[in-house]
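Just so you know, we're using this note's numbering here: the sequence shown kicks off at 65 and counts up by one. Virtual Cβ for every residue (Gly too), placed ideally from N, Cα, C.
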Amino acid sequence: MYYGTPPIVTNGLVSTLDAANARSYTSGSLTWNNLVTPSLSASILTGGAGTLRGLSTNPTALYISQSANNTNNLFTCGLPFTENASIELWYKTDTTGSGIGTQVESPGILQIGTYAANASLALWDWSAGTPGLHSIRTYVNNATVWSHIASSTVNYSDSNWVGKYHQIVMNFSGSAGKWNSYNLYIDTVLAATINFTIPFPSASIAGGNTIYAPAANGGSAKNSYGILRQYNRTLTQAEILQNYNALKSRFALS
């Protein structure tokens with residue numbers, strides 16, 4: 065497993081998918097092996113008109129390219145439900161901000177549960193009608209379609225979002241079998257905070273305990289996925305920074 069220098073945070077680590085680790089992903093494989101919990105390995109999906117997937121090499125990241133309104137996914141994997149949890153994703157897009165103003169056409173990044181059904185959560189890159197703009201938004205559906213929407217407090221231009229990797233951390237906090245608050249960190253900076261209630265176990269989440277990438281209704285996207293980690297507790301901002309520093313050189317970041 066790759067721990068880096070300084071090492072990544074391992075306290076509470078329950079899942080690691082790493083496209084550049086030969087133990088986790090080998091060229092042409094349709095399984096992305098989980099280095100921590102094998103039962104949470106990812107299934108890489110094939111087929112779908114207008115969709116290309118990077119399965120022919122052992123790259124830094126897995127890659128998907130799909131046309132607008134394409135509902136294909138690159139991979140799905142399991143989600144271990146805990147009342148406090150963190151999901152860390154190393155992600156890059158080559159999709160420029162087109163000015164698309166609807167979530168149906170905007171590129172998806174990551175999704176928990178089935179899109180717009182029962183209880184689900186989706187992370188989107190929405191250009192909000194402004195060419196060259198990327199507003200990273202979180203949509204939470206809790207029995208009412210998109211009952212909570214959080215816009216990123218940090219908007220990105222093509223020049224500081226496209227063509228470079230970003231560390232995205234989704235922090236969940238809760239109690240009594242529910243998630244009830246959420247913090248989104250992008251490149252170690254707090255970008256959004258919302259309060260909501262999603263009950264679990266998985267029977268309460270539409271589609272069960274499944275993470276989809278880039279998302280079931282992901283629109284036009286040219287996305288790369290390098291690492292996906294899950295923790296059974298909420299990472300602190302200092303720990304998020306520690307993970308960032310451990311991997312920034314691999315992803316050509318300063």
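- With contacts defined by Cβ atoms closer than 9 angstroms, Ser184 and Thr178 form a contacting pair.
- Spanning the alpha carbons of Ser107 and Ser199 requires a straight line of approximately 29 angstroms.
- Residue range 301-311 is occupied by the alpha helix (DSSP H) that includes Tyr308.
- The beta-bridge partner set that DSSP reports for Phe139 consists of Ile108, Ala277.
- Rounded to whole angstroms, the separation of the alpha carbons of Leu254 and Cys141 is 26 angstroms.
- For Ser162, no alpha helix (DSSP H) segment is defined, and its DSSP state is neither H nor E.
- The residue among Ser313, Thr160, Gly238, Pro195 with its C-alpha nearest the C-alpha of Arg297 is Gly238.
- The shortest C-alpha to C-alpha distance from Gly76 to any of Phe145, Ser245, Asn97 is the one to Phe145.
- For Pro278, the number of other beta carbons within 10 angstroms of its own is at least 16, and it is reported as buried.
- In the structure shown, Pro195 adopts extended strand secondary structure according to DSSP, grouped into three states.
- For Ser318, the number of other beta carbons within 10 angstroms of its own is below 16, and it is reported as exposed.
- Of the candidates Val78, Thr124, Ile72, the residue whose Cα lies closest to the Cα of Ser91 is Thr124.
- Rounded to whole angstroms, Asn137 and Lys156 show a C-alpha spacing of 16 angstroms.
- Taking the Cβ atoms as the reference, Lys242 lies roughly 5 angstroms from Thr261, within the contact range of under 8 angstroms.
- Contact between Val226 and Tyr249 is ruled out by a C-beta separation of about 20 angstroms, above the 8 angstroms threshold.
- Between Leu299 and Leu81 the beta-carbon gap is near 17 angstroms, outside 8 angstroms, which marks them as no contact.
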